[in-house]
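Q: The opening residue of the sequence shown carries number 1 in the UniProt record's numbering; numbering runs sequentially from there.
The beta carbon of each residue, even a glycine, is placed where N, CA and C say it ideally should be.
Quick one: the structure is below, questions incoming.
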Amino acid sequence: MTGVKYSNPPGAIPKKLKPGNGVGIFSGRYYDGQEGACGCGTSSGLFSWQLGISNGVYTAAGSQALYDTAGASWCGAGCGKCYNLTSTGSSPCTTCGEGGVAGESIIVMITNLCPYNGNQQWCPPVGGTNQYGYSYHFDLMAQSPLIGDNPIVNFEPVACPGQAVSDWDTCVCYGQTATDTTPNGLTTGGTQPASATSSNKPTSTGSSGATQTLYGQCGGIGWTGPTVCASPATCVEGNSYYSQCLDS
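So this is what it looks like as structure tokens:
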């Protein structure tokens, strides 16, 4: 599980963070053998790559802010995005399990949703926190622990590596995901694998005349939404995958 712990009061939506990273809790694992909310797998079970068997990239169910900030429960905007998680060696409570080895890392791709309803202990709602005060959560799809059991981790969005790109192509939601700004509160975000012909700069493929609100996404690889920010904000490139409307 992963979350970012803020000084903001519970329920407040954080507006800015240090570009590209956060601190949180990474829950040990879950395994339900189901297709999941990003359409990866079949009606009878998972694809084997979702367990990290073929490419070394693992998959996880993300809390709502990682899966889709607008509240979608199918083909959310966060589907297919990858994050590097690094254990701090600590756990969020004395009965939550071992925190793992500090500095140990894995890469995970979001392929499912961990909804708030029924999972309040770990999975926070958008703008809120879980029982331990964290705003983001990654629930690993695995049959055994990888970097500890419920460690607090540092995380950052990364481009999905190697075979993970073609693996994501096999999911039902590939090319069908929502387009809201996900994840909420981070100044950079992971990206769904893009075609080789995509530009790595903010583009102007959004709707004619549309403007993006303050802190909204305004460009990056694969972005098809507004690329002009509402005044007085300007579009600032965080990396090749994500640009954001920020105060001038």
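1) Helix, strand or coil, according to DSSP, for S166 in the structure here?
2) So, with DSSP's three-state summary, where would you put G175?
3) The alpha helix (DSSP H) with A61 in it runs from where to where?
4) Please classify P124: is it buried, with 16 or more other beta-carbons within 10 angstroms of its beta-carbon, or exposed?
5) Please say whether L140 and A60 have beta carbons closer to each other than 7 Å?
6) In chain order, what residues of the same chain lie with their CB nearer than 7 Å to the CB of Q131, ignoring the 5 residues before and after it?
7) With DSSP run on the structure shown, which of helix, strand or coil describes S105?
8) DSSP state of Y83, grouped into three classes?
9) Within 10 angstroms of the Cβ of V153, are there 16 or more other Cβ atoms? Answer buried if so, exposed if not.
10) Using 10 angstroms around the beta-carbon of K16, count the other beta-carbons present and answer buried if the total reaches 16, otherwise exposed.
11) Shortest alpha-carbon distance to P145 belongs to which of G225, S231, Y67, E98?
12) Just tell me which of G80, A37, G52 has its CA closest to the CA of V165.
13) Throw me the rounded Cβ distance for the G78 and G62 pair, which I believe falls under 8 Å.
14) What separation, rounded to the nearest whole angstrom, lies between the Cα atoms of C235 and T213?
15) Please report the Cβ distance between A142 and C82, rounded to the nearest whole angstrom; I am assuming they are in contact, meaning their Cβ atoms lie under 8 Å.
16) For I106, which residues of its own chain have a beta-carbon under 7 Å away from its beta-carbon, when the five flanking residues on both sides are left out?
17) Where does S48 sit, in a helix, a strand or coil, going by DSSP?
18) Quick one: what's L214 bridged to in DSSP?
19) Could you give the distance in angstroms between the alpha-carbon of G162 and the alpha-carbon of F155?
A: The short version:
1) Residue numbering aside, residue 166 sits at position 166 when the sequence shown is read from its first letter. In the structure shown, S166 sits in a helix (DSSP, three-state: H, G or I).
2) Counting from 1 along the sequence shown, the entry for residue 175 is found at position 175. Coil, per DSSP.
3) As a working mapping, residue 61 is identified with position 61 in the sequence shown. Premise fails: A61 lies in the beta strand (DSSP E), 58-62, not in any alpha helix (DSSP H).
4) Here residue 124 refers to the residue found at position 124 when the sequence shown is read from its first residue. Label assigned to P124: buried.
5) Residue numbering aside, residue 60 sits at position 60 when the sequence shown is read from its first letter. Residue numbering aside, residue 140 sits at position 140 when the sequence shown is read from its first letter. Going by C-beta atoms, A60 is nearer than 7 Å to L140.
6) On the sequence shown, position 131 is the one that residue 131 refers to. Closer than 7 Å at the Cβ level, and outside the excluded window around Q131, lie Q120, Q121.
7) For this step, residue 105 is matched to residue 105 along the sequence shown. Strand.
8) Within the sequence shown, the letter at position 83 stands for residue 83. Y83 falls in the strand class under three-state DSSP.
9) As a position in the sequence shown, residue 153 is number 153, starting the count at 1. V153 comes out buried.
10) To locate residue 16, count along the sequence shown from 1; it is residue 16. Low local confidence applies: a pLDDT of 26 at K16 is under 50, so the model's placement there is unreliable, with the coordinate-based value given in what follows. Classification for K16: exposed.
11) As a position in the sequence shown, residue 145 is number 145, starting the count at 1. Of the listed residues, the one whose Cα sits closest to P145 is E98.
12) The residue given as residue 165 occupies position 165 in the sequence shown. Of the listed residues, the one whose Cα sits closest to V165 is G80.
13) If you number the sequence shown from 1, residue 78 lands on position 78. If you number the sequence shown from 1, residue 62 lands on position 62. Confirmed, Cβ separation roughly 6 Å.
14) Residue numbering aside, residue 235 sits at position 235 when the sequence shown is read from its first letter. Residue numbering aside, residue 213 sits at position 213 when the sequence shown is read from its first letter. Cα-Cα distance, rounded: 10 Å.
15) By one-based count along the sequence shown, residue 142 stands at place 142. By one-based count along the sequence shown, residue 82 stands at place 82. The Cβ separation is near 16 Å, so there is no contact.
16) Stepping through the sequence shown from its first residue, residue 106 is reached at position 106. So the qualifying residues of the chain are Y58, L85, L146, I147.
17) The residue you call residue 48 lines up with position 48 of the sequence shown. Correct three-state label for S48: helix.
18) Working through the sequence shown from its first residue, we reach residue 214 at position 214. DSSP lists no partner for L214.
19) By 1-based counting over the sequence shown, the position of residue 162 is 162. By 1-based counting over the sequence shown, the position of residue 155 is 155. Roughly 20 Å between the two C-alpha positions.
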